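Student: Quick note, the sequence shown lines up with residues 18 to 523 if you use the working numbering. Yeah, the Cβ is synthetic: ideal placement off N, Cα and C, and Gly gets one too. Just so you know, these numbers come straight off a predicted model, no measurement behind them. Take this structure, written in structure tokens, and hold onto it; I'll ask about it next.
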Amino acid sequence: MSNRRTFAIISHPDAGKTTLTEKLLLQGGAIHLAGEVKARGAARRARSDWMKIEQQRGISVTSSVMTFERDGVTFNLLDTPGHEDFSEDTYRTLTAVDSAIMVIDAAKGIEPQTRKLFEVCRLRSVPIITFVNKVDREGRSVFETLDEVADALALDVVPMSWPIGLGGEFKGVLDFATNTISRPEGDSREFLGKRTLADDIPAAIAEEIELAQGGYPSFDLEAYRHGDLTPVYFGSALKNFGVAELIDAIARYAPPPRPQPSDAGTIEPDGKEVTGFIFKVQANMDPQHRDRIAFMRLVSGTFKRGMKLTPSALGKPVAIHSPILFFAQDREIADTAEPGDIIGIPNHGTLRVGDTLSENNKVRFTGLPNFAPEILRRVALKDPTKTKQLRKALDDLSEEGVIQVFYPELGGQWIVGVVGQLQLDVLISRLEAEYKVEAMLEAAPYDTARWLKGSDAALKAFTDFNMATLAKDRDGDPVFMARSAWDVSYQQEKNPELVFSATKER
Ligand code: G4P
């Protein structure tokens with residue numbers, strides 16, 4: 018069985034993703050990396066515009082994928098950009114992982130961004146391990162947290178560990194599997210190792226634990242791997258409690274590379290042919306060099322440097338001479354890679370998000386959707402004679418996955434959609450730098466968009482009545498431009514023969 022574990026961390030800003038990442042890498046023996054991740058976290062908070070982000074580019078490309086090893090298991094941790102750089106990339110990264118860790122703040126529980134990312138995981142039944150962070154601070158009761166996860170996300174929860182007191186009372190974390198306690202010594206912030214001291218737990222907490230062990234189902238690997246159940250670990254990323262247990266859990270329970278659906282049937286990871294798909298493209302800011310790094314998730318076969326693969330959109334083979342592997346803090350040139358690994362492929366715009374790469378050019382991976390935008394804006398030109406250039410730019414950038422574009426059925430103003438505000442800044446600066454188009458973004462009266470699916474007759478009937486709310490996407494597919502979430506459910510109810518979809522398969 019493969020020793021690869023390819024996963025992402027999903028969380029709301031400030032829950033502790035950066036701190037946990039740092040500690041995971043430390044535990045994985047990549048100590049030199051920790052400072053860098055930290056620097057990035059701090060830089061991320063400080064930076065405010067696209068140029069600044071580009072200055073960080075060297076770092077951020079490196080930490081888009083972090084690979085570390087422990088006890089013979091190779092972990093590929095994919096970064097899900099949050100904060101200001103929350104974007105469709107954040108969602109798409111989740112199409113390239115086999116499992117996720119959901120980090121929640123013990124005091125805050127499930128927050129909006131956690132929920133959004135969780136929903137994307139659910140679309141693909143990505144199994145989730147929950148890490149309740151910051152138990153060294155005052156938080157909600159453990160039962161309350163567990164019940165919230167269960168109710169909010171409609172998941173079975175299984176506590177795998179238990180904090181011995183919270184906040185000021187915090188005395189460590191009891192791991193159920195090993196019956197060991199990780200505890201601080203005095204007020205030390207150091208992790209001082211595990212001891213088998215389960216007998217000196219305060220009576221009230223011993224009672225809680227007994228209740229918990231009787232009251233929640235026991236861990237069921239199948240249910241977890243189906244995405245129906247989440248094991249819950251408690252800890253403190255900052256004080257390094259419960260992190261070792263978390264890594265052990267990923268190694269032990271998280272699935273190895275999964276088969277991937279394609280138009281030629283399911284492609285198994287142990288297939289001989291090298292196949293993979295692009296889930297993210299990172300552009301270089303220098304407009305003179307349109308070089309980009311495309312991130313490919315390897316699905317099957319053993320990749321070897323110099324190998325020729327055919328990108329589905331290009332249709333002819335290209336030799337992958339300088340692929341990048343993301344081992345430790347350096348970008349290393351990859352010689353070989355296994356299913357589950359991520360390879361960075363430098364290119365000049367030939368590789369697009371959603372492309373399949375393969376040796377025989379016979380498969381196309383499916384299940385790599387576009388996600389409904391959450392911010393919509395009208396695009397206005399400063400110079401109206403530049404309409405053609407604008408259209409080309411919007412088509413290109415949407416193909417690259419930077420934005421989505423919608424062409425309304427009525428009226429001439431095109432609409433762009435994104436899931437994170439920063440993408441709009443990226444759009445404006447790239448329009449200017451690469452296409453010499455000066456544009457402005459104006460408020461649009463829409464909140465979100467839904468792809469419409471149904472019979473021709475049903476679509477026509479809907480279109481006849483709702484022309485003013487309809488648009489076409491880049492591929493010419495019909496899209497309902499919704500004023501609100503309520504609008505979507507109202508129309509869905511009125512038109513049961515149509516599907517109003519929040520995702521679109523390429
Ligand atoms: P993020 O990437 O999810 O946004 O969160 P990050 O790790 O940056 O953590 C957010 C804040 O929470 C940081 O404090 C961090 O030190 C703190 N934190 C993370 N894990 C724990 C924990 O287990 N216990 C406690 N008590 N705090 C934790 P900050 O003051 O905003 O930043 P910093 O100046 O300390 O870096």
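Among K321, F320 and A336, which residue has its Cα nearest to the Cα of T327?
Tutor: By 1-based counting over the sequence shown, the position of residue 327 is 310. Of the candidates K321, F320 and A336, the one whose C-alpha sits nearest the C-alpha of T327 is A336.
Student: In terms of DSSP beta bridges, what is R500 paired with?
Tutor: Position 483 of the sequence shown, counted from the first residue, corresponds to residue 500. Paired residues: none, contrary to the question.
Student: Apply the 10 Å Cβ neighbour rule to N512 and answer buried if 16 or more other Cβ atoms are within range, or exposed otherwise.
Tutor: Position 495 of the sequence shown, counting from 1, holds the residue named residue 512. N512 is buried by the Cβ-count criterion.
Student: Identify whether Y233 lies in helix, strand or coil by the three-state DSSP scheme.
Tutor: On the sequence shown, residue 233 is found 216 positions in, with the first residue counted as 1. In this structure, Y233 counts as coil in the three-state DSSP scheme.
Student: Which stretch, first to last residue, makes up the alpha helix (DSSP H) that contains N377?
Tutor: One-based indexing of the sequence shown puts residue 377 at position 360. Per DSSP, N377 belongs to no alpha helix (DSSP H) and is neither H nor E.
Student: Output yes if chain B places a C-beta closer than 7 Å to the C-beta of W503; else output no.
Tutor: As a matter of chain content, chain B is missing from the structure shown, which is built from one protein chain.
Student: Helix, strand or coil for D31, going by three-state DSSP, please let me know.
Tutor: Taking the sequence shown and counting its residues from 1, the one referred to as residue 31 is at position 14. Coil, per DSSP.
Student: Just the Cα atoms here: how many angstroms apart are E136 and Y108?
Tutor: For this step, residue 136 is matched to residue 119 along the sequence shown. For this step, residue 108 is matched to residue 91 along the sequence shown. Their Cα atoms are separated by approximately 10 Å.
Student: Verify whether the separation of the beta carbon atoms of R369 and S279 is less than 7 Å.
Tutor: By one-based count along the sequence shown, residue 369 stands at place 352. By one-based count along the sequence shown, residue 279 stands at place 262. The answer is no: Cβ separation not under 7 Å.
Student: Cα separation between G366 and Y507?
Tutor: For the purposes of this step, residue 366 is taken as the residue at position 349 of the sequence shown. For the purposes of this step, residue 507 is taken as the residue at position 490 of the sequence shown. So the alpha carbons of these two residues sit roughly 41 Å apart.
Student: Whole angstroms are fine: how far does the CA of A474 sit from the CA of G45?
Tutor: In the sequence shown, counting from the first residue as 1, residue 45 sits at position 28. In the sequence shown, counting from the first residue as 1, residue 474 sits at position 457. Approximately 57 Å between the Cα atoms of the pair.
Student: Tell me the DSSP bridge mates of W15?
Tutor: For residue 15 there is no data in the structure shown, the boundaries of the chain being 18 and 523.
Student: According to the neighbour-count rule (16 or more other Cβ atoms, all chains shown, within 10 Å of its Cβ), is A59 buried or exposed?
Tutor: The sequence position of residue 59 within the sequence shown is 42, counting from 1. Its pLDDT being 47, under 50, A59 is placed unreliably in this model, and the value from its coordinates should be taken loosely. Exposed is the call here.
Student: Check I127 in the structure and name its three-state DSSP category.
Tutor: Position 110 of the sequence shown, counted from the start, is the residue given in the question as residue 127. Correct three-state label for I127: coil.
Student: Return the CA-CA distance between D400 and N483, expressed in angstroms with no decimal places.
Tutor: On the sequence shown, position 383 is the one that residue 400 refers to. On the sequence shown, position 466 is the one that residue 483 refers to. Those two C-alpha atoms are separated by around 31 Å.
Student: Please work out which residues of its chain come closer than 6 Å, Cβ to Cβ, to P425, disregarding the five sequence neighbours upstream and downstream, and give them in chain order.
Tutor: Stepping through the sequence shown from its first residue, residue 425 is reached at position 408. Here the set comprises A488.
Student: Is DSSP giving S279 helix, strand or coil here?
Tutor: Here residue 279 refers to the residue found at position 262 of the sequence shown. Reduced to three states, the DSSP call for S279 is strand.
Student: As a quick exercise: from E39, S142 and G428, pick the residue whose alpha carbon is nearest that of Q277.
Tutor: Position 260 of the sequence shown holds residue 277. Out of E39, S142 and G428, S142 has the C-alpha closest to the C-alpha of Q277.
Student: State the Cα-Cα distance for the pair Y270 and K403, rounded to the nearest angstrom.
Tutor: For this step, residue 270 is matched to residue 253 along the sequence shown. For this step, residue 403 is matched to residue 386 along the sequence shown. Each residue's Cα considered, the two are about 55 Å apart.
Student: Is the closest heavy atom of the ligand G4P to the C-beta of P180 under 6 Å?
Tutor: One-based indexing of the sequence shown puts residue 180 at position 163. P180: no, Cβ never under 6 Å from the ligand G4P.
Student: The ligand G4P and S253: does the residue's C-beta get closer than 6 Å to at least one heavy atom of that ligand?
Tutor: Reading the sequence shown from its first residue, position 236 is the one you call residue 253. S253 Cβ: within cutoff of the ligand G4P.
Student: Is D473 helix, strand or coil by DSSP?
Tutor: Translated into the one-based positions of the sequence shown, residue 473 becomes position 456. Reduced to three states, the DSSP call for D473 is helix.
Student: Span of the beta strand (DSSP E) holding F312?
Tutor: If you number the sequence shown from 1, residue 312 lands on position 295. Note, F312: beta strand (DSSP E), R309 to S317.
Student: Do T247 and L172 come within 7 Å of each other at the CB atom, strictly closer than that value?
Tutor: To locate residue 172, count along the sequence shown from 1; it is residue 155. To locate residue 247, count along the sequence shown from 1; it is residue 230. Yes; because the gap between Cβ atoms is below 7 Å, this pair is in contact.
Student: Using 8 Å as the threshold, is the stretch 435 to 454 in touch with the stretch 315 to 331, meaning 3 or more CB pairs across them?
Tutor: Taking 8 Å as the limit for Cβ pairs, the verdict is that the stretch 315 to 331 does not touch the stretch 435 to 454.
Student: Measuring straight from C-alpha to C-alpha, what distance separates M313 and I222?
Tutor: Locating residue 313 in the sequence shown gives position 296, where the first residue counts as 1. Locating residue 222 in the sequence shown gives position 205, where the first residue counts as 1. Distance between the alpha carbons of M313 and I222 is about 47 Å.
Student: Can you look up Y463 in the DSSP assignment and give me helix, strand or coil?
Tutor: Counted from its first residue, the sequence shown places residue 463 at position 446. Looking at Y463 - three-state DSSP - the assignment turns out to be coil, as it is neither helix nor strand.
Student: Report buried or exposed for A169, applying the criterion of at least 16 other Cβ atoms within 10 angstroms of its Cβ.
Tutor: On the sequence shown, residue 169 is found 152 positions in, with the first residue counted as 1. Label assigned to A169: exposed.
Student: So does S28 have its beta carbon nearer than 6 Å to some heavy atom of the ligand G4P?
Tutor: Translated into the one-based positions of the sequence shown, residue 28 becomes position 11. Yes, the beta carbon of S28 sits closer than 6 Å to at least one heavy atom of the ligand G4P.
Student: Quick check on the DSSP output: the beta strand (DSSP E) that includes A117 runs from which residue to which?
Tutor: In the sequence shown, residue 117 corresponds to position 100, counting from 1. S116 to D122 is the extent of the beta strand (DSSP E) around A117.
Student: If E459 and A410 are in contact, beta carbons under 8 Å, what's the gap, nearest whole angstrom?
Tutor: Stepping through the sequence shown from its first residue, residue 459 is reached at position 442. Stepping through the sequence shown from its first residue, residue 410 is reached at position 393. Not confirmed; about 17 Å, so no contact.
Student: Residue range of the alpha helix (DSSP H) that T110 falls in?
Tutor: Here residue 110 refers to the residue found at position 93 when the sequence shown is read from its first residue. Where T110 is concerned, the enclosing alpha helix (DSSP H) stretches over E105 to T110.
Student: Going straight from the alpha carbon of A485 to that of M498, what length do you get?
Tutor: Taking the first residue of the sequence shown as 1, we reach residue 485 at position 468. Taking the first residue of the sequence shown as 1, we reach residue 498 at position 481. C-alpha separation (whole angstroms): 9 Å.
Student: Give a single yes or no on whether A32 has its beta carbon closer than 6 Å to a heavy atom of the ligand G4P.
Tutor: For this step, residue 32 is matched to residue 15 along the sequence shown. Yes.
Student: Of the choices T353, S339, H29 and R132, whose alpha-carbon is the least far from that of T319?
Tutor: As a position in the sequence shown, residue 319 is number 302, starting the count at 1. Closest option to T319, Cα to Cα, is T353.
Student: Suppose the cutoff is 6 Å on Cβ atoms and the five residues either side in sequence are ignored; what does the same chain contact list for L255 look like?
Tutor: Here residue 255 refers to the residue found at position 238 of the sequence shown. Same-chain partners within the cutoff: T36.
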